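First comes the structure, then the notes that go with it.
In the working numbering, the protein residues as written are 91 to 723.
In structure tokens form, the structure reads like this:
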């Protein structure tokens with residue numbers, strides 16, 4: 091079992107982690123991390139607290155990351171108990187400490203020291219902004235159904251690699267454990283998931299129930315909204331999340347419920363969401379809606395095949411629910427998705443296209459029922475996981491994979507409706523509801539249900555888009571409101587600002603923490619701005635012109651004609667600058683620096699032929715030619 095809390099002692103030579111033990115007869119195995127070499131080993135000696143420079147209580151080792159100055163130990167120093175699933179406590183990590191191995195940065199140049207601070211700020215920003223969850227005894231990376239099929243007892247060994255978010259940072263401890271059985275560090279290796287966990291103890295018709303919702307974000311192809319789209323060659327898709335809805339309750343014995351809640355009956359229902367699994371992008375150019383690019387690459391079908399082979403292996407048959415618009419800007423995405431599904435021609439895949447915005451326009455949210463009616467037979471056939479005190483009664487045999495363009499707002503609304511439908515079936519089966527009752531009719535519980543699913547929407551949206559989800563007013567209340575529309579407008583404005591001017595740094599943080607970029611000593615600084623001096627000065631000149639315009643507006647009326655003359659000149663300069671910015675929008679976007687995106691060259695004026703303007707597609711030869719040119723540059 092992973093240690094629940096540790097004393098961390100810092101010396102000039104080592105970091106020493108000593109477990110707290112309630113049993114005084116049990117010998118403590120101490121983890122010693124050498125600061126000069128980074129070596130990790132076990133020791134049975136208990137350090138003298140008075141001989142150490144610093145003492146901390148920590149609740150888990152998040153991992154080790156190497157930057158320019160050397161290694162850094164990241165530990166969890168704050169946690170909040172979210173609730174309990176059966177006998178297992180679930181926690182959220184809310185405070186971290188980053189402890190350097192090096193005693194100082196004197197061996198770094200001034201540029202390297204500046205870069206080091208930049209790297210550290212990226213790590214700190216993602217640690218502070220993320221929602222990290224863990225348990226010392228419960229495998230949060232797996233659904234109840236998968237857990238029932240696993241045999242390994244060690245959490246890190248059995249963890250689902252997709253959702254073991256700190257797997258890269260734990261690689262040092264895992265390597266030591268794998269190579270040297272005498273230094274088994276398994277009790278210090280804590281898998282952490284990134285996503286959302288809610289656990290609510292409530293009552294439904296006088297039955298005690300635990301209602302839980304768990305969303306797990308995949309660490310593969312993770313990133314921000316416009317810098318992580320579509321699929322890669324390995325079949326990984328952007329913004330992939332698995333969402334599991336869990337119900338725990340106790341059986342009725344001799345006509346009465348048990349005195350103490352144990353949660354012997356376990357039921358769960360799993361759904362997935364993820365970017366449309368073809369090669370596509372929306373390249374930032376400071377326009378509100380970046381141009382859609384669909385790349386007709388020769389390995390599209392192969393990557394598509396890999397994605398669904400893996401999904402079918404894990405979840406069973408796939409029920410694809412596509413929510414993008416059938417007309418206008420989004421329509422090429424739906425057409426390409428459907429065409430590729432037909433090319434794959436796999437009988438294990440069912441495809442549904444529901445134009446959410448068209449069907450539910452003008453506040454007609456009840457029309458989601460049309461989609462439910464369409465897939466109801468699939469919902470009945472796929473079932474759900476159901477176990478009663480270690481006796482497995484039913485398994486979920488397929489999964490609904492839902493997507494819109496971002497897999498955030500529309501997707502969450504639809505997923506919550508599928509989950510509600512299945513919940514009704516589950517509660518009927520265990521006798522909480524009669525065969526004619528629906529969970530919608532239990533007002534007290536529906537308030538909990540809606541708010542949990544809305545919180546889930548926000549938790550999935552923030553890491554990807556930078557803001558909370560849209561349409562959560564409908565999820566929370568069952569109705570669309572004017573306040574909700576206003577909130578969506580505010581989120582849209584914030585997304586525009588963040589996606590264009592801040593997401594490059596957020597993407598860098600993901601790439602650094604997940605090991606997509608490995609910092610190497612002696613390499614060129616990635617933060618050097620290679621843009622022309624003209625481009626660098628444009629924002630400052632624009633700001634100066636706006637400030638000058640404001641000053642002109644507050645001048646006394648005695649200077650009216652002189653002010654008007656200067657104002658005309660100032661407005662002309664502003665108009666010229668804005669035109670330049672619009673024409674060269676890509677130069678003003680905050681691009682990722684650590685793992686540059688291959689599609690950045692689409693900003694060039696040569697990619698505006700009539701074919702591309704009409705279809706948004708770039709053919710194979712153009713794509714490969716430009717990739718080679720980029721490598722040469």
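Think of the CB as a built atom: it goes at the ideal place given N, C-alpha and C, for glycine as much as any other residue.
Predicted model only: the values in this text are computed from it and were never measured.
Starting from residue i and walking both ways along the alpha helix (DSSP H), at which residues does that stretch end?
i           : result
residue 262 : 261–269
residue 333 : First-last for residue 333: 331–339, but that is the beta strand (DSSP E), not the alpha helix (DSSP H).
residue 391 : 390–405
residue 207 : 200–219
residue 652 : 650–673
Taking the beta strand (DSSP E) that residue i belongs to, which residues open and close that run?
i           : result
residue 370 : 370–372
residue 190 : 178–190
residue 321 : It is not in any beta strand (DSSP E) - residue 321 carries neither H nor E in the DSSP assignment.
residue 109 : 104–109
residue 385 : 382–385
residue 316 : Taken as a continuous stretch (DSSP letters only), residue 316 belongs to no beta strand (DSSP E), as it is neither H nor E.
residue 153 : 151–157
residue 363 : 355–363
residue 133 : 130–133
residue 164 : 160–175
residue 136 : From DSSP, residue 136 is part of no beta strand (DSSP E); its letter is neither H nor E.
residue 416 : Counting along the chain, residue 416 falls outside any beta strand (DSSP E), and DSSP gives it neither H nor E.
residue 193 : Premise fails: residue 193 is in no beta strand (DSSP E) and is neither H nor E.
residue 122 : 120–124
residue 145 : 144–148
residue 224 : 222–224
residue 645 : Looking at the DSSP string, residue 645 is not in any beta strand (DSSP E), and its letter there is neither H nor E.
Expressed to the nearest angstrom, what Euclidean distance is found between the alpha-carbon atoms of residue i and residue j?
i           : j           : result
residue 161 : residue 378 : 41 Å
residue 203 : residue 195 : 7 Å
residue 133 : residue 394 : 49 Å
residue 277 : residue 678 : 48 Å
residue 357 : residue 567 : 25 Å
residue 594 : residue 683 : 7 Å
residue 586 : residue 263 : 40 Å
residue 613 : residue 156 : 14 Å
residue 123 : residue 319 : 39 Å
residue 471 : residue 164 : 46 Å
residue 403 : residue 253 : 16 Å
residue 120 : residue 110 : 10 Å
residue 290 : residue 283 : 19 Å
residue 304 : residue 637 : 49 Å
residue 480 : residue 243 : 16 Å
residue 234 : residue 360 : 9 Å
residue 656 : residue 642 : 8 Å
residue 536 : residue 575 : 22 Å
In chain order, what residues of the same chain have a beta carbon less than 6 Å from the beta carbon of residue i, not counting five sequence neighbours either side?
i           : result
residue 533 : none
residue 298 : 351
residue 144 : 100
residue 491 : 362, 408 and 410
residue 477 : 356
residue 505 : 361 and 492
Among the residues of its own chain, which have a CB less than 7 Å from the CB of residue i, if the five just before and after it don't count?
i           : result
residue 245 : 92, 229 and 281
residue 293 : 299
residue 571 : 563
residue 615 : 201 and 205
residue 573 : 563
residue 449 : 457 and 460
Can you list, in chain order, the residues of its chain with a C-beta nearer than 8 Å to that of residue i? Leave out the 5 residues immediately preceding and following it.
i           : result
residue 375 : 381, 675, 676, 679 and 693
residue 95  : 109, 110, 147, 148 and 149
residue 525 : 518
TODO: Determine contact between the stretch 355–375 and the stretch 431–443, defined as no fewer than three beta-carbon pairs at a distance below 8 Å.
DONE: no
TODO: Kindly provide the ranges of any alpha helix (DSSP H) runs that are 4 or more residues long and lie completely inside the stretch 592–632, ordered along the chain.
DONE: 593–603
Open item on the list: If contact is defined by three or more beta carbon pairs under 8 Å, each pair taking one atom from either stretch, is the stretch 256–266 in contact with the stretch 207–218?
Closed with: no
Task: Contact between the stretch 403–417 and the stretch 443–453 (3+ Cβ pairs under 8 Å) - done: A contact is defined here as three or more CB-CB pairs under 8 Å, and the stretch 403–417 meets this definition with respect to the stretch 443–453.
Open item on the list: Taking contact to mean 3 or more Cβ pairs, one atom from each stretch, closer than 8 Å, check whether the stretch 218–231 and the stretch 617–635 are in contact.
Closed with: no
- [ ] Enumerate, from N- to C-terminal direction, the unbroken alpha helix (DSSP H) stretches of 4 or more residues contained entirely within the stretch 548–573.
- [x] 562–567
- [ ] Just list the alpha helix (DSSP H) runs in the stretch 476–560, keeping only unbroken ones of 4 residues or longer that don't cross its boundaries, in chain order.
- [x] 499–519 and 533–555
TODO: Flag this pair as touching only if the stretch 178–186 and the stretch 147–154 have three or more C-beta atom pairs under 8 Å; answer yes or no.
DONE: yes
- [ ] Inspect the CB distances between the stretch 328–335 and the stretch 310–320 and report whether three or more fall short of 8 Å.
- [x] yes
Open item on the list: Would you call the stretch 551–568 in contact with the stretch 635–653, where contact means no fewer than 3 C-beta pairs closer than 8 Å?
Closed with: Using a Cβ-Cβ distance cut-off of 8 Å, the stretch 551–568 and the stretch 635–653 are not in contact, since fewer than three pairs of beta carbons, one from each stretch, lie closer than that value.
Task: Uninterrupted beta strand (DSSP E) stretches inside the stretch 227–304 (no shorter than 3 residues) - done: As for any beta strand (DSSP E) of minimum length 3 sitting wholly inside the stretch 227–304, the runs are 283–294, ordered along the chain.
- [ ] Mind the definition here: the stretch 625–644 touches the stretch 662–671 only if three or more C-beta pairs lie below 8 Å; say whether that holds.
- [x] yes
- [ ] Evaluate the contact criterion for the stretch 508–515 versus the stretch 461–471: three or more CB pairs, one atom per stretch, below 8 Å.
- [x] yes
TODO: Quick one: which unbroken beta strand (DSSP E) runs of 3-plus residues sit fully inside the stretch 418–482? Chain order, please.
DONE: 439–443 and 475–478
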